[in-house]
Structure formats: C-alpha cells, structure tokens
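Residue numbers (the numbering used here): 5 to 151. A virtual CB, placed ideally from N, CA and C, is assigned to each residue, including glycine.
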Amino acid sequence: VFFDTNGNFLNQVTVGALPDAITITNNGRYAVVANEGEPNGAYTVDPEGSVSVIDLSGGPMSATVATAGFGAFNAAPPPGVRLPRPFGATVAQDLEPEFVATSHDSRTAWVTLQENNALAIVDLPSATVTDVVGIVAFLGLATLLLG
5 VFFDTNGNFL NQVTVGALPD AITITNNGRY AVVANEGEPN GAYTVDPEGS
55 VSVIDLSGGP MSATVATAGF GAFNAAPPPG VRLPRPFGAT VAQDLEPEFV
105 ATSHDSRTAW VTLQENNALA IVDLPSATVT DVVGIVAFLG LATLLLG
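This is how it looks when you write it as structure tokens:
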C-alpha cells in the first residue's frame, strides 16, 4: 500500500504470501519484497516463498508488480541449501525469503533464505530468481573474488 507524506492512500499492489521485508533500490525505481510463504503450524497451508519486484518508475500511482518464484528449483534442488521439506513440501514451498539487499546499480537483489542457510539472487529488471546459493558456497565465492 502506498501513502503520501500526509497519510493519504495513493495505490495498492498485490505481492506474494506473507510479505516479510521491503527494500527500495538506490535509484528508487524498484521496491523489492521478500514474501516468506511460511506454513501454518499444522502444515495444512504452506504457500511458496517468492520475491516481488514493484516497478515505481512511473510513481506509486502507476506501480506494477512482478513476482519471482522458486518453482524452477523444484526439479533440481540447489546444492548446499538446507531443505528439510516436511510433509513432502516442494523446494519452492521450503524456501522462505526474509530480507533484501540490492546492488548499487539497482539491477540485482540478494535475498536471504534464513531457514535454508542460503541466498537467492534476483535480476530486478526481469524479476527473475537467477540462482539460489548456499551461504557456504557464497562465502567461498566472495573470498575468491575479494582475495
């Protein structure tokens, strides 16, 4: 939901299940929402986690949203990612986005998958999850790149 500085309603958009955190990119073009998709206690409802990318380039009155899911990872779970998959949950149901950080050029988001000890890498212009990487693998890559 978007409001002006006086608290007046401007617009609303729909994002994924159980939005957890929102981050605005450096250039102000995108609002990125981590949709946790957490199950209820009995696992009778277990929505998929996702990341919504809200395009604000035309301002909040014409905001549009695209939601990136994790369904592409159901067939081949990413290595090094903790996936307890209770009650036969799919990978997409088991991944639970929590927090978002964005690149300086506002083109990439890194989304923590806290319960999974992993990061999702999201291409913001296409609103696509390009990879899911276990934290250990990510730290090894960062060490390699940073020397």
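Quick check: P101 and V55, are their CB atoms within less than 7 Å of each other? yes
When you compare each of G84, E52, S110 and L117 to I28 by their alpha carbons, which one comes out closest? S110
In whole angstroms, what separates the C-alpha of V37 from that of I125? 13 Å
Quick check on P51: does DSSP put it in helix, strand or coil? coil
Whether L73 touches E42 by CB criterion (7 Å): It should be pointed out that residue 73 corresponds to Gly in this sequence rather than to Leu. No; because the gap between Cβ atoms is not below 7 Å, this pair is not in contact.
Classify V19 as helix, strand or coil using the three-state DSSP reduction. coil
With D98 as the anchor, note down where its alpha helix (DSSP H) starts and where it stops. V95 to D98
How far does the beta strand (DSSP E) with A113 in it reach, from first residue to last? T112 to L117
Taking a contact to mean a Cβ-Cβ separation below 7 Å, would you say V69 touches V5 in this structure? no
Beta-carbon proximity check, A113 vs G138, cutoff 7 Å: no
Look at F91 and Y34 and say whether their C-beta atoms are less than 7 Å apart. no
With a 10 Å radius around its C-beta and 16 neighbouring C-beta atoms as the bar for buried, classify N120 as buried or exposed. buried
Applying the criterion that 16 or more other CB atoms from any shown protein chain within 10 Å of the CB defines a buried residue, is F77 buried or exposed? buried
Please check the pair V19 and T71, which I expect to be a contact at CB under 8 Å, by giving their CB distance rounded to whole angstroms. 6 Å
Return helix, strand or coil for G92, following the three-state DSSP convention. helix
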